[in-house]
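Engineer:
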Amino acid sequence: MIATNVSDTTSLPPLEVARITKRFRQGNVTVEALRDVSLTIGQGEFVAVMGASGSGKSTLLHVIAGLTRPDEGRVLVDGQDLSAMSDRNLTLFRRRRIGLVFQAFNLIPTLNARDNILLPLLADGNREIERSHLMDLLQRLGLAERYRHRPDALSGGEQQRVAIARAIIGSPSTILADEPTGSLDSVTGQGICAILQQFCREQGCTIIVVTHEPAVAVWAERIVVLKDGRVLTEFATERFRDVHTLAAHYQDVVSAASATEVQG
Ligand code: ADP
Ligand code: MG
2 MIATNVSDTT SLPPLEVARI TKRFRQGNVT VEALRDVSLT IGQGEFVAVM GASGSGKSTL
62 LHVIAGLTRP DEGRVLVDGQ DLSAMSDRNL TLFRRRRIGL VFQAFNLIPT LNARDNILLP
122 LLADGNREIE RSHLMDLLQR LGLAERYRHR PDALSGGEQQ RVAIARAIIG SPSTILADEP
182 TGSLDSVTGQ GICAILQQFC REQGCTIIVV THEPAVAVWA ERIVVLKDGR VLTEFATERF
242 RDVHTLAAHY QDVVSAASAT EVQG
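Numbering-wise, the numbering used here comes out as the position in the sequence shown, counting from 1, plus 1.
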């Protein structure tokens, strides 16, 4: 049974990633993109995943979204075990419970902003939403004057706000964002972080943001650092005064891990 509406997210169990391993085979070579990764993320928590390119960040997000099936381990979202679901149920579950935001926005070029936002609801058997809910969302994302425009007439920041609106219109319990500010200038990127944080707080949404930018990660409550497909460390952001001390700490943990590697 998959509930359609998740307006009350307060009582949902934490998101559990339990001992996930994911391998990719290319010819004779096998890459272990994730190695025995475990995480527990509380409902309503805002977590950033950091790590060098190739450390497994996107793979982790895709596994949590049910877009990629792991070779080992389990993922529980809202208490439901994704590995036990058929492909069809997984698709339904993702559509209703998970909001996805990508670096490249992934908007449909031939649809205007409003229709891009409504598309997941159409795909889900034309799920009704109140017109006032849509207008309220557009207003709050600063898109009230822009929703009749197609993506190519919108700025990068506006396109990403459309993508965020599309991700949250169905009231998901969980938002997964892969480098959502990666193609935006830093001021626009900070605006996107503020919007994500605000929704996390108001709607009780869990948010997992993949980023390599400390200025983005500092918006999260907790940072998980991946290295070579493993969780290297995690730490709370409240320890840090500002983004510079956080960036310095991040550099320290990554460098310390590399130094150990060279010695060992
Ligand atoms: P990140 O997002 O941190 O840059 P990824 O999760 O994209 O890292 O990739 C982790 C590792 O898995 C990399 O070595 C990458 O080349 C490999 N990988 C990811 N996706 C695939 C795939 N579909 N096929 C083969 N290898 C992949
Ligand atoms: Mg990636």
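No residue lacks a Cβ here, since even glycine has one placed at the ideal position from N, Cα and C.
Say yes only if the C-beta of A218 is nearer than 7 Å to one or more non-hydrogen atoms of ligand 1, and no if none qualify.
Structural biologist: No - ligand 1 has no heavy atom lying nearer than 7 Å to the Cβ of A218.
Engineer: Spell out a yes or no on whether the segment 63-83 and the segment 110-119 are touching, meaning 3 or more CB-CB pairs, one atom from each, closer than 8 Å.
Structural biologist: Taking 8 Å as the limit for Cβ pairs, the verdict is that the segment 110-119 does not touch the segment 63-83.
Engineer: Are there any heavy atoms of ligand 1 lying less than 7 Å away from the beta-carbon of K58, as far as the coordinates show?
Structural biologist: Yes, ligand 1 has a heavy atom inside 7 Å of this Cβ.
Engineer: Over what stretch of residues does the alpha helix (DSSP H) that includes L62 continue unbroken?
Structural biologist: Start and end: K58 to I65.
Engineer: Identify the continuous beta strand (DSSP E) that holds Q32 and give its terminal residues.
Structural biologist: A quick correction: the sequence has Val, not Gln, at residue 32. Counting along the chain, the beta strand (DSSP E) containing V32 begins and ends at V30 to I42.
Engineer: Name the two residues that bound the continuous beta strand (DSSP E) containing T175.
Structural biologist: Segment T175 to D179, the beta strand (DSSP E) holding T175.
Engineer: Find out if the Cβ-Cβ distance for the pair I209, L177 is shorter than 8 Å.
Structural biologist: Yes, Cβ-Cβ distance for I209 and L177 is below 8 Å.
Engineer: What are the uninterrupted segments assigned as beta strand (DSSP E) that are 3 or more residues long and contained completely in the segment 116-158, given in chain order?
Structural biologist: Counting only runs of 3 or more, we get nothing.
Engineer: Taking the alpha helix (DSSP H) that G190 falls in, what are its first and last residues?
Structural biologist: First-last of the alpha helix (DSSP H) with G190: S187 to Q204.
Engineer: So, under 8 Å CB-CB, V102 and I65 are touching, yes? Tell me the CB distance rounded to an integer number of Å.
Structural biologist: The Cβ separation is near 13 Å, so there is no contact.
Engineer: Taking 8 Å as the threshold (C-beta atoms), are T175 and C201 in contact?
Structural biologist: Taking 8 Å as the Cβ cut-off, C201 and T175 do not qualify as a contacting pair.
Engineer: I believe I170 touches P121 by the beta-carbon criterion, under 8 Å. Please report the beta-carbon distance rounded to the nearest angstrom.
Structural biologist: Confirmed, about 7 Å.
Engineer: For T31 and R24, which I take to be in contact (beta-carbon distance under 8 Å), what is that distance rounded to the nearest angstrom?
Structural biologist: The Cβ separation is near 5 Å, so the contact holds.
Engineer: Kindly examine ligand 1 and report whether one of its heavy atoms sits closer than 7 Å to the Cβ of G100.
Structural biologist: Because no heavy atom of ligand 1 lies under 7 Å away, the Cβ of G100 does not count as near it: no.
Engineer: Can R70 and N117 be called in contact, C-beta distance under 8 Å?
Structural biologist: No, the Cβ-Cβ distance between R70 and N117 is not below 8 Å.
Engineer: Taking CB distances under 8 Å as the criterion, tell me whether F47 reaches chain B.
Structural biologist: No chain B is part of this structure, which consists of one protein chain only.
Engineer: Restricting to runs no shorter than 3 residues, where is the beta strand (DSSP E) found entirely within the segment 50-111?
Structural biologist: Complete beta strand (DSSP E) runs here, min 3: 73-78 and 99-103.
Engineer: How many angstroms separate the CA atom of T5 from the CA atom of G28?
Structural biologist: Low per-residue confidence applies at T5: pLDDT is 45, beneath 50, and the placement is therefore not dependable, though the value from the model is reported in the following sentence. Answer to the nearest angstrom: the Cα atoms are 41 Å apart.
Engineer: Hey, would you say V50 sits closer than 8 Å to V225, going by beta carbons?
Structural biologist: The answer is yes: Cβ separation under 8 Å.
Engineer: How many angstroms separate the CA atom of G52 from the CA atom of Q252?
Structural biologist: Approximately 10 Å between the Cα atoms of the pair.
Engineer: List the DSSP bridge partners of R24.
Structural biologist: According to DSSP, which records beta bridges pairwise, R24 is partnered with E33.
Engineer: Could you give the first and the last residue of the continuous beta strand (DSSP E) run that contains T207?
Structural biologist: T207 to V211 is the extent of the beta strand (DSSP E) around T207.
Engineer: I need the boundaries of the beta strand (DSSP E) containing L233, first residue and last residue.
Structural biologist: It spans R231 to A237 - the beta strand (DSSP E) in which L233 sits, taken as one unbroken run.
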